[in-house]
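> Below is one structure. I have some questions about it.
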Amino acid sequence: MDIVEILADSLRAGFGPLAAAYALSTIGLNLHYGYTGLLNFGHIAFMMVGAYGTAITVDQGGPLWLGILIGMGCAVVLGLLFGIPTLRLRVDYLAIVTIAAGEVLRTIVRSGDRESLTGGVFGITQFAGDFYSLNPFADGRYGWGRFSYSQRQLWVAVVAWGLVVLATLVISSIATSPFGRVLRSIREDEDASRSLGKDVFAYKLQALVVGGVIAGLAGTMIALERSAVHPDSYLPVGTFTAYVVLLLGGAGTRLGPIMGAVIYWFLFEFTDGFLRGALAEGWIPGSIIDSTDIGPIRLMLVGLGLMALMIFRPQGILGNREEVLLSAR
Amino acid sequence: MPADDAAVASGLAGVASEPGVAKPDPILVVDGLRRTFGGLLAVEVEHLEIPRGLITSLIGPNGAGKTTLFNLLTGFDRANAGHWSFDGREISGMPPHRVARAGMVRTFQLTKALAKMSVLDNMKLAATGQTGERLLPSLVRPLWRPQEIAIEARADELLARFNLAHVRDDYAGTLSGGQRKLLEMARALMAEPKMIMLDEPMAGVNPALVESLLTHVRDLREQGLTVLFVEHDMDVVMGISDWVVCLAEGSVIAEGRPFEVAGNDEVIDAYLGTHRAARHRREASS
Chain A
1 MDIVEILADS LRAGFGPLAA AYALSTIGLN LHYGYTGLLN FGHIAFMMVG
51 AYGTAITVDQ GGPLWLGILI GMGCAVVLGL LFGIPTLRLR VDYLAIVTIA
101 AGEVLRTIVR SGDRESLTGG VFGITQFAGD FYSLNPFADG RYGWGRFSYS
151 QRQLWVAVVA WGLVVLATLV ISSIATSPFG RVLRSIREDE DASRSLGKDV
201 FAYKLQALVV GGVIAGLAGT MIALERSAVH PDSYLPVGTF TAYVVLLLGG
251 AGTRLGPIMG AVIYWFLFEF TDGFLRGALA EGWIPGSIID STDIGPIRLM
301 LVGLGLMALM IFRPQGILGN REEVLLSAR
Chain B
330 MPADDAAVAS GLAGVASEPG VAKPDPILVV DGLRRTFGGL LAVEVEHLEI
380 PRGLITSLIG PNGAGKTTLF NLLTGFDRAN AGHWSFDGRE ISGMPPHRVA
430 RAGMVRTFQL TKALAKMSVL DNMKLAATGQ TGERLLPSLV RPLWRPQEIA
480 IEARADELLA RFNLAHVRDD YAGTLSGGQR KLLEMARALM AEPKMIMLDE
530 PMAGVNPALV ESLLTHVRDL REQGLTVLFV EHDMDVVMGI SDWVVCLAEG
580 SVIAEGRPFE VAGNDEVIDA YLGTHRAARH RREASS
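The listed protein sequences derive, respectively, from chains A and B. Count the first sequence with the numbering used here and you get residues 1 to 329, in order. Count the second sequence with the numbering used here and you get residues 330 to 615, in order.
Structure below.
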């Protein structure tokens, strides 16, 4: 087992396009859950409509820029659809409705109804050509040894990290403004906010839509990276990956989503490499697990890690411990 | 007593002490308000007027419907029937945030200090008409920064008045029970209300602090605010109120100047727990 190779692979994952897209998506979730306290369990649906909005537009002959705008527009519509019926109710209703609606949406796309548009179970491919034709990087690999990206990966990563920086700037200026103060007051106690004249529903809806648009963009980036959209890429587990990233980095912190995404994808890749290595070296007997078990075991480790985090560092890596302790009073 | 002087000065002197009596200059007028929970009649107020610029206290035994009445008037609960107007403007059925913007700001029995926000942020939150509270202007700091500075100055002034200046940057969650009550009162003032509704401001407060809280309540009146507060400690009520309204089983059974209400048989019965008051009402209605 070559530990240096495993570390290089892990670093590549940690700073790669997928980590960047998840950082972006989690920035949206941070606005929902971290700042406003909205328990959005259908986050993946925002990513899905962003991805499909882009893919369908381009597939139907539209230009890429229009596709990206339509993807964002779909996220706005989805935010309103989720929000208008549920945001007047308690926070748990939003959780139930969003997780169900996300699955309904995925099932509809998968069902093959309007297959000419959505591609049904087969999804849509080959819509990212325009995006890669804009790639300024020449063919080749960029980086050091195994910690390197192809020109395509690098292009996606640069754009996605660029969007991450932009979204972080926007969200942190919202968060430090009086608008953000109202959002935090809603997270703490809606009724107090109402009693001081704040239209809580309108604020929650705006937060849901803005965060949703950011997640929609993240969905577009993932679709472009894979050059494909496929309904089964948008299972609810994607929502919970974003939550793990958010809680790991620190909910309600400015840089938590970025920190969380890098560490999550690094560790996710590292456990894979390490387990495979350990199996090959015979450190773990083949009679206990074989290589096909590694995938599920990785997810178990994620769960275990999350439990440990909640017990020993509930505020996440960048969170403020004092704040977390206050809620226990 | 100074309270009586104020009452005389305001022209309440000639007002009869009977439930539903009209007042010369009411700020809040309630008509036919009714709220039931299943088969239980929680609030039924035929007519009630709250005089402007004075301290009115709402008393009554536990379960009399005082807090429910507060929730109804401020839009936190929906009435089955009834109309009420504030400062000449119909506010029945309005959502809470619009009631607050109309100038009627409440506090809560269980204090709602926003624990994970600083004391100063709690205060600044309450200021009204903030440009930076709209999404797009919030992104452009120069648009709201001057207003923010003015708001902060006003918040600091109020914090000083309520002896909270030294905890200005602490999390509100670290304050003591009494300090939270003070913060909630100061925060309500940041919203520049015409009328402030305090739901049991003295509940759970160290007796040594009660007097200081009462002084603050009196100050509110001096500044021209109308105060309506819920309290069931009769000693507190006697000392501070210009007018007292007694609620029992959801209805107004008596109102008047403090000493009159204190001597009222029905009020005494309601507090001592005999059923005379209820029986009396049944006879009257049949």
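The beta-carbon is built from N, C-alpha and C at its ideal position, and this holds for glycine as well.
Mind checking which residues open and close the alpha helix (DSSP H) that includes W161 of chain A?
Segment 151-175, the alpha helix (DSSP H) holding W161 of chain A.
> Could you tell me whether the Cβ atoms of A20 of chain A and A160 of chain A are closer together than 9 Å?
Yes. Within cutoff.
> In the DSSP assignment, the alpha helix (DSSP H) including L246 of chain A goes from what residue to what residue?
From DSSP, the alpha helix (DSSP H) with L246 of chain A extends over 237-249.
> Whole angstroms is fine: what's the gap from D191 of chain A's alpha carbon to G123 of chain A's?
Approximately 45 Å between the Cα atoms of the pair.
> Out of A:S195, A:L105, A:G180, A:L18, which one is the CA nearest neighbour of E225 of chain A?
Considering only alpha carbons, the answer is A:L18.
> So if I threshold CB-CB distances at 7 Å, which residues from the segment 417-428 of chain B count as touching chain A?
Of all residues in the segment 417-428 of chain B, P425, H426 have a Cβ within less than 7 Å of some Cβ in chain A.
> Tell me, which residues are paired with A410 of chain B by DSSP?
In the DSSP output, where bridge partners are listed per residue, A410 of chain B has B:R363.
> Go to D528 of chain B, then tell me how far its beta strand (DSSP E) extends in each direction, as first and last residue.
Counting along the chain, the beta strand (DSSP E) containing D528 of chain B begins and ends at 524-528.
> Report the option in B:A345, B:R381, B:G367, B:P348 whose CA atom is closest to the CA atom of I356 of chain B.
When each option's Cα is compared against that of I356 of chain B, the closest is B:R381.
> Could you work out which residues of chain A lie near R430 of chain B, taking near to mean beta carbons separated by less than 8 Å?
The contacting residues are G197.
> Quick one: what's E584 of chain B bridged to in DSSP?
E584 of chain B pairs with B:V574.
> With contact counted as at least three CB pairs below 8 Å, one residue from each stretch, are the segment 586-596 of chain B and the segment 552-569 of chain B in contact?
Flag = yes, the segment 586-596 of chain B and the segment 552-569 of chain B touch.
> Among the residues of its own chain, which have a CB less than 7 Å from the CB of G273 of chain A, if the five just before and after it don't count?
For G273 of chain A, where only same-chain residues beyond five positions count, the Cβ hits under 7 Å are I6, D9, S10.
> From T365 of chain B to A583 of chain B, what distance separates their C-alpha atoms?
Looking at the two C-alpha atoms, the distance is approximately 21 Å.
> Beta-carbon separation of I333 of chain A and L235 of chain A under 9 Å?
As displayed, chain A neither begins before 1 nor continues past 329, which places residue 333 of chain A out of reach and without an answer.
> Please look up how many angstroms separate the CB atoms of R550 of chain B and I384 of chain B, rounded, as I've assumed it's under 8 Å.
Correct: roughly 5 Å between the Cβ atoms.
> Could you please give the first and the last residue of the uninterrupted alpha helix (DSSP H) stretch that includes R141 of chain A?
From DSSP, R141 of chain A is part of no alpha helix (DSSP H) but of the beta strand (DSSP E) over 141-144.
> Q459 of chain B touches chain A at which residues, Cβ-Cβ below 8 Å?
Within 8 Å Cβ-Cβ: P178.
> Can G120 of chain A and V109 of chain A be called in contact, C-beta distance under 9 Å?
Yes, they are a contact pair.
> How should W413 of chain B be labelled, buried or exposed, when 16 other C-beta atoms within 10 angstroms of its C-beta is the threshold for buried?
Answer is buried; the Cβ neighbour count reaches 16.
> Which residue from A:W155, A:R114, A:L169 puts its Cα closest to that of S133 of chain A?
Closest by alpha carbon: A:W155.
> Relative to the C-alpha of S505 of chain B, which candidate in B:V534, B:L487, B:R516, B:A517 has its C-alpha closest?
When only C-alpha atoms are compared, the closest one is B:V534.
> In the DSSP assignment, find the beta strand (DSSP E) that holds I317 of chain A and state where it starts and stops.
That residue, I317 of chain A, is in no beta strand (DSSP E); it is neither H nor E in DSSP.
> Around the Cβ of R321 of chain A, are there at least 16 other Cβ atoms within 10 angstroms (buried) or fewer (exposed)?
Its Cβ having fewer than 16 others within 10 Å, R321 of chain A is exposed.
> Does the Cβ-Cβ distance between Y33 of chain A and L39 of chain A come in under 9 Å?
In contact: Y33 of chain A and L39 of chain A (Cβ atoms closer than 9 Å).
> In chain order, what residues of the same chain lie with their CB nearer than 7 Å to the CB of T555 of chain B, ignoring the 5 residues before and after it?
I356, I379, R381, G382, L383, K523, M524.
> Report yes or no: is there a C-beta of chain B within less than 9 Å of the C-beta of I84 of chain A?
No, because no Cβ of chain B sits closer than 9 Å to the Cβ of I84 of chain A.
> Please report the straight-line C-alpha distance between L163 of chain A and T503 of chain B, rounded to a whole angstrom.
Near 38 Å, if we compare the C-alpha coordinates of T503 of chain B and L163 of chain A.
> Taking a contact to mean a Cβ-Cβ separation below 9 Å, would you say L387 of chain B touches V358 of chain B in this structure?
For L387 of chain B and V358 of chain B, no; Cβs fall outside 9 Å.
> Using a Cβ-Cβ distance cut-off of 9 Å, determine whether R184 of chain A contacts chain B.
Answer yes: the Cβ-Cβ gap between R184 of chain A and chain B drops below 9 Å somewhere.
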